[in-house]
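Enquirer: Residue numbers (our numbering), protein chains in the order written: chain A, 72 to 167; chain B, 2 to 490. Glycine is no exception: its CB is placed at the ideal position from the N, C-alpha and C atoms. Right, I'll just put the structure down here and ask away after.
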Amino acid sequence: MPIDIDIAHVARLARLDLTAEELDGYKTQLDVILDHATQVQSLEGDPREESAHPLGLVNAFRQDERRPSLDRDEVLSQAPETKDGYFVVPPAMETE
Amino acid sequence: MTLHELTIAEAGERLRAREVSSSDLLEAALDRASRTEAQLHAYLTIDREGAREAARKADADLADGIDHGPLHGVPVALKDNMCTRGVETTASSQILAGYIPPYDATVTRKLKEAGAVIVGKTNLDEFAMGSSTENSAYGTSYNPWDIGRVPGGSSGGSAAAVAIGSAFAALGSDTGGSIRQPASLTGVVGMKPTYGTVSRYGLIAFASSLDQIGPLSRSVQDAALMLEAIWGHDPLDATSYSGSYPNPSAALDDGVSGLKVGVVKELAGEGYEPAVETAVSAMVDKLSDAGAAVVEVSLPTFDIALSAYYLIAPAEASANLARFDGVRYGHRGEGATTEKLMARTRAEGFGPEVTRRVLLGTYALSAGYYDAFYGQAQKVRSAIQEDFSRAYGSVDVLVSPTSPTVAFEAGARVDDPLAMYLSDICTIPSNLAGHPAISIPIGLDEQILPIGFQVMAPALGETVMFQVAATVESLAGFTERPVLEELAS
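As structure tokens, then:
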């Protein structure tokens, strides 16, 4: 099946602010890679399950007990902007 | 033999005989780094101060009769996608420039507890996505055997450091071959353990169902010693294995008599360099002469393993890399709203290969395409596991080249992503199955470039895998070390 990606839509989903020229370049490369990737559809034989952990682990539960967390100041020291122990970001919606 | 050429086992004997100190070993490695880094660029960060303090501590402990085991006092390097508290960790990405982790990865903690001295952080392809280190945001590493060529990747910095002696061993991470392929291209041993046996806590995630940390070293025994220090159940990794573990060092001297070795039919032929095929065939003959029963086995789904990998790995990467948004750490771009800030941050912070894989993965997971791509790739993965199971019904281990080619020239594949992806064709099936595999250097081609031999084993089959690997090492008798001609003194 021929691949034709709506690359601008994919970039929006991935939160990547790319130029039109960059989008064109990635689209060309992705078309080639995805064309190769369609080989997965050539799998023959009986229908199979999708695989998970090779050792068959399903869930890992632990006791619900209190323990120390990372040091808050050390963690916040890595943030671009903080205030009163919080991360600071611009508004979620456009403002006038 | 000079200090920087010793194996961990040899260095440990001299340490305990008080012939050398940990500080001596460290200074030998640091001296080696200062003579070679301008050409190789194996390291992103060398922590001279921290390493010297750790070496002094190791020496003081040993003087007090406190011995932390085989890695005590041994200088090792970490790939820069493993968190080190207080030491910059970038995963070779601009988006993490200047990031100082507030915690140690479990492997970092375990190495410190084992008495190892951490020399520094090695270069990699950005977020471990690549096969040459050319995708690093901080410049390419080069191959000590020929500085016009790449050391492989993504753990190319770790491989180059171990090969040239600026570390006695190193850790890498292997998602599709990122430990084994650079080990092969630089003439060192590189090993990917069974999925779930080494904690991924503090490893900056690429593709979580495939990523596994493992050692690069100058001998098979050293790889076993490193592995035994870093693996084990860790409650901080939900995929960590909590059952009983194999014993990699147990059978190193046992030979291969009575073992069944399967040669993978699909990992040969078109695209494989003649020198690689010749060397691998010669080693198979030697294994046969040494008493192994050798048979050819076919694993037909290996032919579509690469295409499955290049859907699963980018899909998981696109989810994992969503955390890099300019809010909590790392680079931040400008934006009037949170979403615009995130999109600008990511466009500025990610390099081309990472951007390509995030787009690819996002597409493969997006509505309407999931079943055709990601879901189908996961079914191929099940088929590959079935192929392996069938093969391991009749053989103990499988063997192949590690890489279809020797080290390639810098720049040769950067403009052709698919050609670069083919570098990992021999290594990817073990990641998809979650199985262990190891690369052992077996010789040089006519250009004086190393050739690697891969031994694969079923899940938790490390004991027999190391047994065969140690035999391969001994049969190959590979002792050559790279010579950087510009290093006059």
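Does DSSP classify B:S490 as helix, strand or coil?
Expert: The pLDDT assigned to B:S490 is 43, lower than 50, so where the model puts this residue is not dependable, and the model offers no usable value.
Enquirer: Tell me, please, whether the CB atom of B:P491 is closer than 8 angstroms to any CB atom in chain A?
Expert: The structure shown does not extend to residue 491 of chain B, since chain B is modelled only from 2 through 490, so no value can be given for it.
Enquirer: Is there a Cβ of chain B sitting closer than 8 angstroms to that of A:G116, yes or no?
Expert: It does; some Cβ of chain B falls within 8 angstroms.
Enquirer: Taking only beta-carbon positions, decide if A:V129 is within less than 8 angstroms of chain B.
Expert: Judged by the 8 angstroms Cβ criterion, A:V129 is not in contact with chain B.
Enquirer: Within 10 angstroms of the Cβ of A:V103, are there 16 or more other Cβ atoms? Answer buried if so, exposed if not.
Expert: Burial call: exposed.
Enquirer: Could you check which residue in B:A55, B:Y104, B:G331, B:Q222 has the C-alpha nearest to that of A:P139?
Expert: Nearest C-alpha to A:P139: B:Y104.
Enquirer: Determine, using beta carbons only, whether B:G331 and B:G350 come nearer to each other than 8 angstroms.
Expert: Yes, the Cβ-Cβ distance between B:G331 and B:G350 is below 8 angstroms.
Enquirer: Please determine, among B:P249, B:G233, B:S424, B:S250, the residue with the shortest C-alpha to C-alpha distance to B:Y242.
Expert: Out of B:P249, B:G233, B:S424, B:S250, B:G233 has the C-alpha closest to the C-alpha of B:Y242.
Enquirer: List in chain order: all unbroken beta strand (DSSP E) runs of 3+ residues lying wholly within the region 255 to 338 of chain B.
Expert: Listed in chain order, the complete beta strand (DSSP E) runs (minimum 3 residues) inside the region 255 to 338 of chain B are 261 to 265, 294 to 298.
Enquirer: Would B:S250 be called buried (16 or more neighbouring beta carbons within 10 Å of its own) or exposed?
Expert: Label assigned to B:S250: buried.
Enquirer: Please determine, among B:A56, B:I449, B:V108, the residue with the shortest C-alpha to C-alpha distance to B:L237.
Expert: Of the listed residues, the one whose Cα sits closest to B:L237 is B:V108.
Enquirer: From what residue to what residue does the beta strand (DSSP E) around B:P216 run?
Expert: Where B:P216 is concerned, the enclosing beta strand (DSSP E) stretches over 214 to 218.
Enquirer: Any idea if B:A489 is buried or exposed, counting beta-carbon neighbours within 10 angstroms, 16 or more meaning buried?
Expert: In this predicted model, B:A489 has a pLDDT of only 42, less than 50, meaning its place in the structure is not dependable enough to derive any value.
Enquirer: Measuring alpha carbon to alpha carbon, tell me which residue in B:G154, B:M227, B:G197 is nearest A:V129.
Expert: Here the closest residue by C-alpha is B:G197.
Enquirer: Does chain B have any CB closer than 8 angstroms to the CB of A:G79?
Expert: In the sequence on display, residue 79 of chain A carries Ala and not Gly. For A:A79, the answer is no, since every Cβ of chain B falls outside 8 angstroms of its Cβ.
Enquirer: Compute the Euclidean distance between the alpha carbons of B:P353 and B:N136, then round it to the nearest angstrom.
Expert: If you take the alpha carbons of B:P353 and B:N136, they lie about 8 angstroms apart.
Enquirer: Can you check whether the C-beta of A:D88 is within less than 8 angstroms of a C-beta belonging to chain B?
Expert: Closer than 8 angstroms: yes.
Enquirer: Listing by chain order, which chain A residues have their CB less than 8 angstroms from the CB of B:E340?
Expert: Within chain A, the residues near B:E340 are R86, A163.
Enquirer: Name the chain A residues whose beta carbon is nearer than 8 angstroms to that of B:Q377?
Expert: What B:Q377 touches in chain A: V111, Q112, L114.
Enquirer: Run down chain B in chain order and give the residues with a C-beta less than 7 angstroms from the C-beta of A:A82.
Expert: Under the 7 angstroms cutoff, chain B gives L360.
Enquirer: Using a threshold of 8 angstroms, state whether the C-beta atoms of B:S404 and B:S200 are closer than that.
Expert: No, the Cβ-Cβ distance between B:S404 and B:S200 is not below 8 angstroms.
Enquirer: From B:I96 to B:V328, what does the alpha carbon distance come to, in whole angstroms?
Expert: About 11 angstroms.
Enquirer: Is there at least one Cβ from chain A nearer than 8 angstroms to B:L111's Cβ?
Expert: The question names Leu, but residue 111 of chain B in the sequence shown is Lys. Not an interface residue.
Enquirer: Compare the beta carbon distance of B:L125 and B:I119 with 8 angstroms and say whether it is the shorter of the two.
Expert: Not in contact: B:L125 and B:I119 (Cβ atoms no closer than 8 angstroms).
Enquirer: With 16 other CB atoms within 10 Å as the buried threshold, where does B:F479 fall?
Expert: Counting Cβ neighbours within 10 Å, B:F479 comes out buried, since at least 16 surround it.
Enquirer: For the candidate residues B:D255, B:A10, B:L72, whose alpha-carbon lies nearest to that of B:F467?
Expert: Comparing Cα positions, the closest option is B:D255.
Enquirer: According to DSSP, what are the bridge partners of B:L455?
Expert: Sequence inspection shows Gln at residue 455 of chain B; the Leu mentioned does not correspond to that position. According to DSSP, B:Q455 bridges with B:S401, B:S440.
Enquirer: May I have a chain-ordered list of the beta strand (DSSP E) segments no shorter than 3 residues that lie completely inside the region 185 to 214 of chain B?
Expert: As far as the region 185 to 214 of chain B is concerned, its whole beta strand (DSSP E) runs of at least 3 residues are 190 to 193.
Enquirer: For a test of the three-state rule: what should DSSP assign to B:I429, helix, strand or coil?
Expert: Reduced to three states, the DSSP call for B:I429 is helix.
Enquirer: Grab me the residues of A:L101's own chain with a C-beta within less than 6 angstroms of its C-beta, minus the 5 sequence neighbours each way, in chain order.
Expert: Answer for A:L101: I76, listed in chain order.
Enquirer: Where does B:A18 land, buried or exposed, given buried means 16+ other C-beta within 10 angstroms?
Expert: Exposed.
Enquirer: Can you say whether B:E50 is buried or exposed, counting buried as having 16 or more other CB atoms within 10 angstroms of its CB?
Expert: It is exposed - the Cβ of B:E50 has fewer than 16 other Cβ atoms within 10 Å.
Enquirer: Taking all protein chains shown into account, decide if B:E20 is buried (16 or more other Cβ within 10 angstroms of its Cβ) or exposed.
Expert: It counts as exposed.
Enquirer: DSSP three-state label for B:E135, please.
Expert: The answer is coil: DSSP assigns B:E135 none of H, G, I, E or B.
Enquirer: Give, in chain order, every residue of the region 125 to 156 of chain A whose Cβ lies closer than 7 angstroms to some Cβ of chain B.
Expert: Hits within the stretch, in order: P125, L126, L128, A131, R133, L141, D142, E145, V146, Q149, A150, P151.
Enquirer: Would you say B:L300 faces chain A, with C-beta separation under 8 angstroms as the test?
Expert: Chain A contact via Cβ: absent.
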